[in-house]
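Enquirer: Residue numbers (this note's numbering): 1 to 157.
We treat Cβ as the ideally placed atom computed from N, Cα and C, and that holds for glycine.
Please read all numbers here as calculations on a predicted model, not as lab measurements.
Dumping the structure here so I can ask a few things about it.
Printed below as a string of structure tokens:
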């Protein structure tokens, strides 16, 4: 989800809820402790230099059970971050600590924001020896008995 999308969703909500991949909700007294721009400059295993930039939200819950972040407050935090950090309309990643700090993608189901699992991937499969999925092999001998409209004896040419 991009930054513009979360802002549009927040405008229509009365409350904010984040749902973990297992279906449970982040406790409703969570805080958004950070909104940041994360830049990653790296080289992949195939030797290609790459740059990525995402917007990071960090969710945190503590013993402040009376705290509730309202949609208009989060919009204000986002707009302040856009102005101060010169944020573009980039993808959002969310950090949230369960057993360990997890990084999630962000979706929306019409009611809750969904923390979606993310996966690693090889960005240079063609250069590092990982073969992409191959097409199934076909034996030409299986097609010898079939007639074609382009058979030289068919008269179509």
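CB residue 32 to CB residue 58, shorter than 8 Å?
Expert: Cβ distance < 8 Å, so residue 32 and residue 58 count as in contact.
Enquirer: Where residue 47 and residue 54 are concerned, what is the direct C-alpha to C-alpha distance, given to the nearest angstrom?
Expert: Whole-angstrom Cα-Cα distance: 22 Å.
Enquirer: Since residue 52 and residue 40 are thought to touch, with beta carbons under 8 Å apart, how far apart are those beta carbons, to the nearest angstrom?
Expert: Sure, about 5 Å apart at Cβ, within 8 Å.
Enquirer: Taking residue 88 as the reference, which of 79, 30, 17, 43 has the closest Cα?
Expert: Cα-wise, what sits closest to residue 88 is 79.
Enquirer: Which residue marks the beginning of the alpha helix (DSSP H) containing residue 81, and which one marks its end?
Expert: Counting along the chain, the alpha helix (DSSP H) containing residue 81 begins and ends at 71 to 85.
Enquirer: When DSSP labels each residue in this structure, what does residue 130 get in the three-state scheme?
Expert: The answer is coil: DSSP assigns residue 130 none of H, G, I, E or B.
Enquirer: Is it the case that the Cβ atoms of residue 91 and residue 104 are separated by a distance below 8 Å?
Expert: Going by C-beta atoms, residue 91 is not nearer than 8 Å to residue 104.
Enquirer: Return yes when the Cβ of residue 19 is within less than 8 Å of the Cβ of residue 123, no when it is not.
Expert: Contact flag unset, no.
Enquirer: Would you report the Cα separation of residue 34 and residue 7, rounded to the nearest angstrom?
Expert: Going by the C-alpha atoms only, they are around 16 Å apart.
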